[in-house]
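Residue numbers (my numbering): 18 to 400.
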């Protein structure tokens, strides 16, 4: 495999740091061209010194002087701001852009990278939640591959490899159920952020861990799957699978079901996206079936976890409604992490924001930007 030049957007987050571990294990196959972070300047400095990229970008411009001074002895370009990130991804040497930024912030640089013809390793699910139709149209126009990094979408992608375009009857999207799977409504009223951040199976960033606890993450993944694999919401079934061994399944028209299994380790789907269509040798632990005498599946409870129901509602409405959903969710999760709203209160605010926000049936990029601004304002006022 030809050595690939990578740009990692969000290199200091959970996905970004694990992606760099994959690069460290395969220095003959990958080289870091650029690293970006939002606020974690100390870690970004350490990463820059270790991987010696051509460019580093800090989104928070207030952190620029500190970053610039720390790296001034090295031949590394140091930039700052959202504009710089969108400009950097267009650099000619870059072969692939890993979009691991958190939330809506990943949309603009992903669009810029696609227009520049860069392969996309997509870990920022909000990009397709907010503007799935726009992103897929651009990818088709510019003939850019979008390789999923989420474990569930990577699993579906792997299940479809070699399917010879046979029609998909159903996608079975698995969910761990998060830390509150067995809690009653009464118990959910008083759960804390500390409890929500203790995911039983996965090691993830704070925002996605809260989304997993509320099952909004699975709602976002359902919307992402619709766009990635060209299916309708009716063709996607969410199954709670507490063991997180089966990462997702595909059911075909003859009734056959193909599943992808593995340990819950994000380095596996990251490596698959980086090296596709080649599978690289990995030293990660193997799945030991003797430790899993039982694999169980449950139907998700959309009364206790209303966010999943909101996601299905938003994607069925279409237009800018998934963008409204995402913006409101980002606001309430940030408030929950600041102890300004309760766990169930997040769903109340999201529902009311969806009712009040302006609906646009056929949004442009400018409409998405305006929708994001309006929905954030509404959600903040409701909190």
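Where is the CB? At the ideal position from N, CA and C, for every residue including glycine.
Remember, predicted model here, so these are calculated numbers, not experimental data.
As a quick exercise: from the options, pick the residue whose alpha carbon is nearest that of residue i.
| i | options | result |
| --- | --- | --- |
| residue 115 | 27, 151, 331 | 27 |
| residue 166 | 242, 189, 255, 333 | 242 |
| residue 318 | 244, 144, 230, 395 | 230 |
| residue 61 | 45, 46, 93 | 93 |
| residue 266 | 44, 278, 388 | 278 |
| residue 358 | 19, 227, 276 | 227 |
| residue 289 | 178, 104, 121, 66 | 178 |
| residue 355 | 21, 214, 89, 142 | 214 |
| residue 369 | 393, 157, 385, 386 | 393 |
| residue 117 | 34, 197, 299, 274 | 34 |
| residue 218 | 201, 176, 185, 263 | 263 |
| residue 90 | 69, 123, 109 | 69 |
| residue 158 | 128, 181, 176 | 128 |
| residue 110 | 41, 175, 21 | 21 |
| residue 282 | 32, 23, 18 | 32 |
| residue 210 | 197, 295, 203 | 197 |
| residue 155 | 202, 300, 244 | 244 |
| residue 323 | 146, 45, 41, 202 | 202 |
| residue 300 | 43, 321, 24 | 43 |
Once the 5 residues before and after residue i are set aside, which same chain residues still bring their CB inside 6 Å of it?
| i | result |
| --- | --- |
| residue 183 | 269 |
| residue 257 | 192, 194, 315, 317 |
| residue 360 | 205, 208 |
| residue 83 | 58 |
| residue 71 | 50 |
| residue 64 | 28, 52 |
How long is the line joining the alpha carbons of residue i and residue j, rounded to whole angstroms?
| i | j | result |
| --- | --- | --- |
| residue 406 | residue 107 | This structure cannot settle anything about residue 406, because the visible part of the chain is limited to 18 through 400. |
| residue 336 | residue 148 | 9 Å |
| residue 150 | residue 168 | 22 Å |
| residue 305 | residue 391 | 49 Å |
| residue 80 | residue 152 | 31 Å |
| residue 325 | residue 237 | 8 Å |
| residue 56 | residue 170 | 28 Å |
| residue 251 | residue 86 | 53 Å |
| residue 249 | residue 328 | 13 Å |
| residue 488 | residue 255 | Coverage of the chain is limited to positions 18 through 400, which leaves residue 488 absent and any answer about it impossible. |
| residue 36 | residue 307 | 29 Å |
| residue 303 | residue 88 | 39 Å |
| residue 386 | residue 141 | 17 Å |
| residue 384 | residue 161 | 24 Å |
| residue 132 | residue 199 | 45 Å |
| residue 185 | residue 274 | 10 Å |
| residue 124 | residue 100 | 12 Å |
| residue 144 | residue 280 | 26 Å |
| residue 331 | residue 232 | 15 Å |
| residue 48 | residue 105 | 16 Å |
| residue 216 | residue 181 | 37 Å |
| residue 295 | residue 240 | 28 Å |
| residue 113 | residue 276 | 27 Å |
| residue 333 | residue 382 | 20 Å |
| residue 298 | residue 176 | 19 Å |
| residue 18 | residue 310 | 38 Å |
| residue 146 | residue 398 | 23 Å |
| residue 95 | residue 293 | 30 Å |
| residue 23 | residue 190 | 29 Å |
| residue 371 | residue 271 | 39 Å |
| residue 122 | residue 212 | 27 Å |
| residue 395 | residue 253 | 30 Å |
| residue 353 | residue 400 | 10 Å |
Residues in its own chain within less than 7 Å of residue i by CB, not counting five upstream and five downstream?
| i | result |
| --- | --- |
| residue 102 | 26, 53, 74, 76, 126 |
| residue 119 | 27, 30, 222, 224 |
| residue 234 | 225, 228 |
| residue 39 | 284, 287, 288, 291 |
| residue 173 | 188, 242, 246, 265, 267 |
| residue 98 | 76, 78 |
| residue 321 | 202, 205 |
Within its chain, find whatever has a CB closer than 8 Å to the CB of residue i; leave out the 5 residues flanking it on each side and keep chain order.
| i | result |
| --- | --- |
| residue 388 | 337, 340, 341, 344, 374, 375, 377, 380 |
| residue 312 | 258, 260, 262, 263 |
| residue 66 | 88, 91 |
| residue 45 | 20 |
| residue 41 | none |
| said: Counting beta carbon pairs with one atom in the segment 67 to 75 and one in the segment 125 to 138, are three or more of them shorter than 8 Å? | reply: no
| query | Is the segment 365 to 378 touching the segment 337 to 352, taking contact as three or more C-beta pairs under 8 Å? | reply | yes
| Length at least 4, wholly inside the segment 200 to 256: the alpha helix (DSSP H) runs in chain order | 202 to 205, 210 to 213, 223 to 231, 233 to 246
| said: Which runs of the alpha helix (DSSP H) at least 4 residues long sit entirely within the segment 339 to 374? Give them in chain order. | reply: 360 to 373
| task | Kindly provide the ranges of any alpha helix (DSSP H) runs that are 4 or more residues long and lie completely inside the segment 250 to 310, ordered along the chain. | result | 284 to 292
| request: Pick out the complete beta strand (DSSP E) segments inside the segment 61 to 133, 3 residues or longer, and give them in chain order. | output: 72 to 75, 94 to 97, 113 to 116
| field | Runs of beta strand (DSSP E) lying entirely within the segment 135 to 210, each at least 3 residues, in chain order | value | 136 to 139, 163 to 165, 185 to 192
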